[in-house]
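I have placed the structure first, in the form of C-alpha cells, so that the comments after it can refer back to it.
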Amino acid sequence: MELHLSSHRYTHRSPDWAAAAVAGFVACAFFSAVEMLMVLLVSGQSPWVPPRMVAAIVLGPGILSQPATFDVSIVAMALMVHAAIGVVLGVVLGAIIAPFRLDSDVVTVSIAGGVFGLIVYVVNFYVMTQMFPWFMESRGWTMVAGHVIFGAFAGYMYWVLRQMDDDKSAP
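Residues in the sequence shown are numbered from 2 upward in steps of one, following the working numbering.
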C-alpha cells in the first residue's frame, strides 16, 4: 500500500492556460448573474445597476446618471468587460494554483479560489476605486460573499476542466 502526500510547495509546473481562462470566464458569468440577483433581493435596487457600473469602466461615469433600466448596449458592454476581467482573473488564479499544486483536490482548489476571490474584492473595492469611485458605494458583505463565491467557483471550474483535459490525454 502506498501513501501519496500532496505537497503544496512551489514547483515549476505550468497551469492549464485554457482551463484557467475558461474557468475565469464561466465563474465571472456566474458571478454576474448572482450579483444582479443579490442586488435585487438584498438591497431592493434594480438588477441593472451592477451592469451599468461595470459598463461605466469603459463608457464613463455619465451612464450612471441615467435610469437603471435594461439597455442592450450597456448590458453588452458590461458582459464584454466582465468577460475580459474573468479571463484575466482565471489565468492569474491558474498561475497561482498550478505551481503550488493547489488543484490536488476539489476542496483545496475551492478554498484557494475563495481566498483569491477575497483578495480580488479588496483590490477592486479599495484600490481600483481610486480610478472608478462609483464602486465605493457597493462595498459590503454582499460583494465580499459574491467575490468569495466567484473565486471558489473559478477554482472548482479550473479543477473540473483540468480533470477533463487529463482524462483526454490519458492513454
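Positions of the beta carbon are idealized from the N, C-alpha and C atoms, including for glycine.
Computed from a predicted structure; not experimentally measured.
Given residue i, which residues of its chain have a CB within under 6 Å of its CB, disregarding the five upstream and five downstream residues?
i: Gly118; result: His148, Val149, Phe151, Gly152
i: Ser33; result: His83
i: Val43; result: Thr143
i: Leu41; result: Pro48
i: Ala30; result: none
Closer than 7 Å by C-beta to residue i: which residues in its own chain qualify, once you throw out the five before and the five after it? Chain order, please.
i: Asp104; result: Ile98, Val110, Tyr159, Trp160, Arg163
i: Ala22; result: Val88, Gly91, Val92
Just how far apart, CA to CA, sit residue i and residue j?
i: Val107; j: Val35; result: 22 Å
i: Ala77; j: Gly114; result: 27 Å
i: Met39; j: Arg140; result: 13 Å
i: Met165; j: Tyr157; result: 12 Å
i: Pro16; j: Leu94; result: 9 Å
i: Met129; j: His13; result: 31 Å
i: Ile120; j: Lys169; result: 33 Å
i: Ala79; j: Val73; result: 10 Å
i: Ile112; j: Met132; result: 30 Å
i: Ala146; j: Asp167; result: 31 Å
Determine the contact status of residue i and residue j, defining contact as a CB-CB distance below 9 Å.
i: Ala19; j: Phe154; result: no
i: Val59; j: Met37; result: no
i: Pro52; j: Ile75; result: yes
If you drop the 5 nearest sequence neighbours on each side, which residues of the same chain put their C-beta closer than 8 Å to that of residue i?
i: Phe126; result: Phe136, Met137, Ser139, Arg140, Met144
i: Leu65; result: Arg53, Met54, Ala57, Trp135
i: Leu4; result: Residue placement at Leu4 is poorly supported in this model, since its pLDDT is 44, which falls under 50; the coordinates still yield a value, given next. Hits under 8 Å: none found.
i: Val50; result: Val40, Ala69
Whether or not the stretch 86-93 and the stretch 67-77 are in contact is what I'm after, with contact meaning three or more pairs of Cβ atoms, one per stretch, closer than 8 Å; do they touch? no
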